[in-house]
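Okay, so here's the structure we're looking at.
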Amino acid sequence: MIKLNNVRKDYLSGNNTTTIVDVAELNISAGEKIAIVGASGSGKTTLLNLLSGLVVADRGQIVIDSQDITALSESERDRFRANNIGYLFQNFHLLDGYSALENVELGMLFTSGAVQSQRAEEQLTKLGLGQRLHHQPSELSIGQQARVALARATVNNPKIILADEPTGALDSESAREALDLLFEQSSSYNSTLICVTHDKSVAANFDRILDMGQLQ
Amino acid sequence: MNIVKIVVRNVKRRRLSTSLTAASVALGVALFVAIGVLRQASEQGFQRTAGICDTIVGAKGDSLQLSLNTLYHMGFSAGNISLDSFNEIRNQEGVAWAAPIALGDSYRSHRIVGVSSEFFEQVKIAGSGSLSFSDGRPFDFSTEQFVEEHEHLFGEQQAGHDHEDDEHVSYRAVIGANVATKLSLKVGDKIVPTHGVEKSTEHHHDAASEIVGILEATGTPIDRAIYIPIIAYYKMEGHAIDREVELEGTRDARGISAIMLSTKSGYYRQQIYRSINNRLDAMAVFPSIEMRKLFKLIGSGDMILRIISLLVVVVALIGVLVSLYNAMGARRKEFAILRALGASRRLVMTIVSLESAIIAFLGAIFGTLLASLAALVLATELHAFSGVTINVSLGVEEIYLIVIVTLAGAFAGLIPALEAYRTEAAKQLSSNV
Numbered sequence: 043m044i045k046l047n048n049v050r051k052d053y054l055s056g057n058n059t060t061t062i063v064d065v066a067e068l069n070i071s072a073g074e075k076i077a078i079v080g081a082s083g084s085g086k087t088t089l090l091n092l093l094s095g096l097v098v099a100d101r102g103q104i105v106i107d108s109q110d111i112t113a114l115s116e117s118e119r120d121r122f123r124a125n126n127i128g129y130l131f132q133n134f135h136l137l138d139g140y141s142a143l144e145n146v147e148l149g150m151l152f153t154s155g156a157v158q159s160q161r162a163e164e165q166l167t168k169l170g171l172g173q174r175l176h177h178q179p180s181e182l183s184i185g186q187q188a189r190v191a192l193a194r195a196t197v198n199n200p201k202i203i204l205a206d207e208p209t210g211a212l213d214s215e216s217a218r219e220a221l222d223l224l225f226e227q228s229s230s231y232n233s234t235l236i237c238v239t240h241d242k243s244v245a246a247n248f249d250r251i252l253d254m255g256q257l258q
Numbered sequence: 006m007n008i009v010k011i012v013v014r015n016v017k018r019r020r021l022s023t024s025l026t027a028a029s030v031a032l033g034v035a036l037f038v039a040i041g042v043l044r045q046a047s048e049q050g051f052q053r054t055a056g057i058c059d060t061i062v063g064a065k066g067d068s069l070q071l072s073l074n075t076l077y078h079m080g081f082s083a084g085n086i087s088l089d090s091f092n093e094i095r096n097q098e099g100v101a102w103a104a105p106i107a108l109g110d111s112y113r114s115h116r117i118v119g120v121s122s123e124f125f126e127q128v129k130i131a132g133s134g135s136l137s138f139s140d141g142r143p144f145d146f147s148t149e150q151f152v153e154e155h156e157h158l159f160g161e162q163q164a165g166h167d168h169e170d171d172e173h174v175s176y177r178a179v180i181g182a183n184v185a186t187k188l189s190l191k192v193g194d195k196i197v198p199t200h201g202v203e204k205s206t207e208h209h210h211d212a213a214s215e216i217v218g219i220l221e222a223t224g225t226p227i228d229r230a231i232y233i234p235i236i237a238y239y240k241m242e243g244h245a246i247d248r249e250v251e252l253e254g255t256r257d258a259r260g261i262s263a264i265m266l267s268t269k270s271g272y273y274r275q276q277i278y279r280s281i282n283n284r285l286d287a288m289a290v291f292p293s294i295e296m297r298k299l300f301k302l303i304g305s306g307d308m309i310l311r312i313i314s315l316l317v318v319v320v321a322l323i324g325v326l327v328s329l330y331n332a333m334g335a336r337r338k339e340f341a342i343l344r345a346l347g348a349s350r351r352l353v354m355t356i357v358s359l360e361s362a363i364i365a366f367l368g369a370i371f372g373t374l375l376a377s378l379a380a381l382v383l384a385t386e387l388h389a390f391s392g393v394t395i396n397v398s399l400g401v402e403e404i405y406l407i408v409i410v411t412l413a414g415a416f417a418g419l420i421p422a423l424e425a426y427r428t429e430a431a432k433q434l435s436s437n438v
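Protein chains in written order, with our numbering: chain V, 43 to 258; chain A, 6 to 438.
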């Protein structure tokens with residue numbers, strides 16, 4: 043389902059060009075759960091950004107479901123991301139000033155479909171936040187914030203869930219719980235899960251582990 | 006959840022900055038609207054009064070002063086015209102009616118105007134027609150009677166007039182609607198005129214006048230005036246009857262202050278105007294033209310004020326720009342999150358631009374309301390000062406202004422919006438802040 047072919051991304055720093063990502067070939071099947079590990083600065087997050095279309099590859103192809111996203115314009119990539127990808131961040135990146143429910147609704151706002159408040163509510167309720175729908179992020183515990191972020195990432199039933207250190211900010215118990223929910227959600231929607239982690243015990247739970255150092 | 010909700014939420018979140026920037030926009034808009042609305046309404050109000058008669062005749066002098074003194078009871082009379090001149094003018098071919106006016110005294114800050122019955126019969130107010138009475142009736146004293154009694158009075162004076170012979174003089178008064186309300190006067194009450202129009206302690210106790218009628222409100226200076234039979238004016242002590250007063254030229258106390266005159270048709274209007282102005286002792290003015298000239302003069306002043314108020318709006322919009330621009334640093338992450346969720350750069354830019362437009366819109370709406378309120382207060386003051394009622398109303402021009410200020414607000418938001426557009430989502434999201 044996801045194919046990367048000779049994908050390369052360089053960054054300019056002054057007069058120096060540093061290659062961050064250089065993947066000759068990578069195939070990921072639909073519904074597969076992949077952990078991406080590697081040293082700090084090895085390009086794990088950049089790879090996620092390339093897959094989401096937030097960052098454009100300098101060369102190569104990224105084909106998702108027969109769609110070469112490197113050939114799309116920026117606005118087409120934005121639309122593609124809204125409709126197909128759920129993004130989960132280490133710091134959750136919930137928007138202040140918006141309730142838990144509204145944060146989840148934001149995940150539906152830029153898709154081709156309409157915003158369905160009921161669906162957002164169901165998603166939060168399923169994740170145990172039925173009583174916290176109208177709470178602001180600052181009124182929620184870290185674990186609850188992680189669940190709101192997960193609800194936002196999965197509310198559109200995305201083909202791909204990209205998770206960047208989703209358990210990095212959590213204690214071990216909350217991390218375990220968040221990971222279980224992440225697996226549960228991705229399995230129930232048959233989403234491909236690609237998760238960046240530095241934690242080997244977390245990575246061990248995935249179908250496959252890709253080490254950025256070996257991948258490049 | 007929708008884009009408008011996001012925009013409104015963002016505006017609400019920065020309440021203080023939104024309020025301050027919107028208030029500064031409102032101030033400029035309020036100034037601009039108030040100046041425009043008041044000018045237009047005042048001109049309409051003054052022109053309405055100017056339409057009471059088509060021509061005013063008075064002693065040679067300043068035409069604006071003559072109009073303001075005769076119709077609006079402002080300032081002082083430039084001089085008098087003789088009864089002979091009045092007779093010649095009123096008997097000219099083409100004169101529909103001519104009402105003599107005598108001004109000079111007051112009652113508790115309200116001008117006392119000597120008139121004949123023709124004044125109540127002939128004066129018409131644009132939009133409301135002839136003068137009508139809310140109580141009582143007009144006094145019965147025709148121009149013919151005035152001419153006759155005037156000649157009789159001053160003929161006697163030449164022969165040695167005696168005040169004791171004045172017992173037949175009946176002092177009556179008709180008062181304007183405002184006078185009745187403000188001074189709580191009713192038919193049957195008596196008023197004692199004060200000599201002159203400034204605060205004076207010299208009262209005409211000999212001329213205590215009984216109120217016989219109260220006029221309906223007209224929205225003109227008539228509402229603030231007190232009308233007495235014109236002959237009574239000459240019979241008060243210290244006026245023409247008194248032999249010590251000056252009896253020559255335009256200062257001749259036996260003369261009349263002005264003539265309100267209407268002609269039979271447009272042709273006669275110009276002809277009579279020219280013939281009067283060819284005289285050495287009188288001049289004719291068209292009050293509507295005088296008012297137009299006055300407002301043209303005021304117009305250049307209010308144009309400067311309007312330009313200044315527009316500059317205030319521009320400065321306020323720059324304030325909106327600066328406020329949004331300063332907030333950009335703290336908001337980059339917010340834009341990055343929206344981008345990660347699928348928002349396009351253009352959409353993020355639109356959100357910021359709409360925020361700016363909303364602030365400008367709120368300012369414009371609030372400013373317009375503020376201007377209406379200020380204009381209403383000033384209209385009340387103007388009415389109290391001049392008797393001229395002006396109708397303050399908002400029109401299409403104000404709606405255009407709101408639209409223009411809102412669009413200008415959106416335009417002012419473009420610079421911070423471009424900053425939002427340039428936000429690199431990936432870079433912002435990877436920083437662990």
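Note that CB positions come from ideal geometry on N, CA and C, so glycine has one too.
Bear in mind that the values here come from a model prediction, so they are computed numbers and not experimental data.
If I'm right that residue i touches residue j with Cβ under 8 Å, what's the distance once you round it to whole angstroms?
{"i": "LEU192 of chain V", "j": "LEU224 of chain V", "result": "6 Å"}
{"i": "VAL244 of chain V", "j": "THR209 of chain V", "result": "6 Å"}
{"i": "VAL128 of chain A", "j": "ILE264 of chain A", "result": "Not a contact, Cβ separation roughly 13 Å."}
{"i": "SER267 of chain A", "j": "ASP59 of chain A", "result": "5 Å"}
{"i": "SER377 of chain A", "j": "LEU412 of chain A", "result": "No, SER377 of chain A and LEU412 of chain A are not in contact; Cβ-Cβ is about 22 Å, not under 8 Å."}
{"i": "LEU92 of chain V", "j": "LYS51 of chain V", "result": "6 Å"}
{"i": "MET43 of chain V", "j": "ILE70 of chain V", "result": "6 Å"}
Can you list, in chain order, the residues of its chain whose CB lies under 6 Å from that of residue i, leaving out five sequence neighbours each side?
{"i": "THR112 of chain V", "result": "ALA99, GLN103, ILE104"}
{"i": "GLY372 of chain A", "result": "ALA31, VAL34, ALA35"}
{"i": "SER82 of chain A", "result": "ASN74, LEU108, SER262"}
{"i": "SER314 of chain A", "result": "GLY33, LEU36, PHE37"}
{"i": "LYS242 of chain V", "result": "none"}
{"i": "MET354 of chain A", "result": "ALA422, ALA425, TYR426"}
{"i": "SER22 of chain A", "result": "SER328"}
{"i": "SER139 of chain A", "result": "ILE219, GLU221"}
From this set, the options, which residue's C-alpha is nearest residue i's C-alpha?
{"i": "ALA327 of chain A", "options": "A:ARG336, A:GLN49, A:ALA417, A:MET241", "result": "Sequence check: residue 327 of chain A is Val here, not Ala. Among A:ARG336, A:GLN49, A:ALA417, A:MET241, the Cα nearest to that of VAL327 of chain A is on A:ALA417."}
{"i": "ARG229 of chain A", "options": "A:VAL179, A:VAL319, A:SER24, A:LYS269", "result": "A:VAL179"}
{"i": "ALA182 of chain A", "options": "A:SER137, A:VAL401, A:LEU158, A:SER147", "result": "A:SER137"}
{"i": "GLU7 of chain V", "options": "V:ASN48, V:TYR53, V:GLN256", "result": "No statement about residue 7 of chain V is possible, as the shown extent of chain V runs from 43 to 258 and does not include it."}
{"i": "HIS200 of chain A", "options": "A:LEU302, A:VAL118, A:LYS301, A:LEU316", "result": "A:VAL118"}
{"i": "SER214 of chain V", "options": "V:GLN173, V:ARG194, V:ASN199, V:ILE184", "result": "V:ILE184"}
{"i": "ALA227 of chain V", "options": "V:LEU252, V:ARG189, V:HIS240, V:ASP253", "result": "According to the sequence displayed, residue 227 of chain V carries Gln and not Ala. For the residues V:LEU252, V:ARG189, V:HIS240, V:ASP253, the minimum Cα distance to GLN227 of chain V belongs to V:ARG189."}
{"i": "GLN186 of chain V", "options": "V:ASN133, V:SER154, V:ALA156", "result": "V:ASN133"}
{"i": "ARG14 of chain A", "options": "A:VAL357, A:LEU190, A:LEU69", "result": "A:VAL357"}
{"i": "GLN158 of chain V", "options": "V:ARG194, V:ILE70, V:ASN91", "result": "V:ARG194"}
{"i": "ALA131 of chain A", "options": "A:ILE342, A:ILE370, A:ILE57", "result": "A:ILE57"}
{"i": "THR2 of chain A", "options": "A:LEU43, A:THR26, A:SER349", "result": "Not covered by the structure: residue 2 of chain A. The range shown for chain A is 6 to 438."}
{"i": "PRO179 of chain V", "options": "V:ARG101, V:SER115, V:GLY139", "result": "V:GLY139"}
{"i": "GLU126 of chain A", "options": "A:SER114, A:GLY141, A:ALA104", "result": "A:ALA104"}
{"i": "PHE124 of chain A", "options": "A:ASP110, A:ARG116, A:PHE146", "result": "A:PHE146"}
{"i": "ALA124 of chain V", "options": "V:ASN232, V:ASN199, V:ALA220", "result": "V:ASN199"}
{"i": "GLY170 of chain V", "options": "V:ALA220, V:SER233, V:LEU130, V:GLU207", "result": "V:ALA220"}
Identify, in the order they occur along the chain, each residue of the same chain with its Cβ nearer than 8 Å to the Cβ of residue i, setting aside the five sequence neighbours on each side.
{"i": "ILE40 of chain A", "result": "ASP307, LEU310, ARG311, SER314"}
{"i": "SER280 of chain A", "result": "GLN97"}
{"i": "VAL393 of chain A", "result": "SER47, GLY50, PHE51, ARG53, THR54, TYR77, GLY224, THR225, PRO226, LEU387"}
{"i": "ALA345 of chain A", "result": "ALA430, LEU434"}
{"i": "LEU190 of chain A", "result": "ILE180, VAL184, ILE196, ILE216, ILE219"}
I'd like the list of long-range same chain contacts for residue i, defined as Cβ closer than 7 Å, with 5 residues on each side in sequence excluded.
{"i": "GLY414 of chain A", "result": "LEU322, VAL325, SER361, ALA362, ILE364, ALA365, PHE366"}
{"i": "GLU163 of chain V", "result": "LEU143, LEU175"}
{"i": "VAL197 of chain V", "result": "VAL146, GLY149, MET150, ARG161, ALA162, GLN165"}
{"i": "GLY80 of chain A", "result": "GLN70, LEU73, ASN74"}
{"i": "ILE127 of chain V", "result": "SER94, PRO200, ILE202, LEU204"}
Completely contained alpha helix (DSSP H) runs for the stretch 107-132 of chain V, where each covers 4 or more residues = Within the stretch 107-132 of chain V, the alpha helix (DSSP H) runs of at least 4 residues that lie entirely inside it are, in chain order, 116-126.
Are three or more beta carbon pairs between the stretch 49-67 of chain V and the stretch 75-90 of chain V nearer than 8 Å?
-> yes
Segments assigned alpha helix (DSSP H), at least 4 residues, entirely inside the stretch 335-399 of chain A | 350-391
Considering only residues of the stretch 96-161 of chain A, which uninterrupted alpha helix (DSSP H) runs meet the minimum length of 4 residues and lie entirely inside it, listed in chain order?
-> 122-127
Three or more C-beta pairs closer than 8 Å, one from the stretch 189-199 of chain A and one from the stretch 153-160 of chain A: is that the case here?
-> The way I'd put it, the stretch 189-199 of chain A doesn't touch the stretch 153-160 of chain A; fewer than three beta-carbon pairs between them come closer than 8 Å.
Run through the stretch 260-322 of chain A for me and flag every whole beta strand (DSSP E) of 3 or more residues, listed as ranges in chain order.
-> 263-268, 288-290, all fully within the stretch 260-322 of chain A.
Counting pairs of beta carbons, one from the stretch 7-16 of chain A and one from the stretch 282-298 of chain A, are three or more of them closer than 8 Å?
-> no
Along the chain, which unbroken stretches of the alpha helix (DSSP H) at least 4 residues long are found entirely within the stretch 39-87 of chain A?
-> 68-76
What beta strand (DSSP E) runs, 3 residues minimum, are completely inside the stretch 52-96 of chain V?
-> 58-70, 75-79
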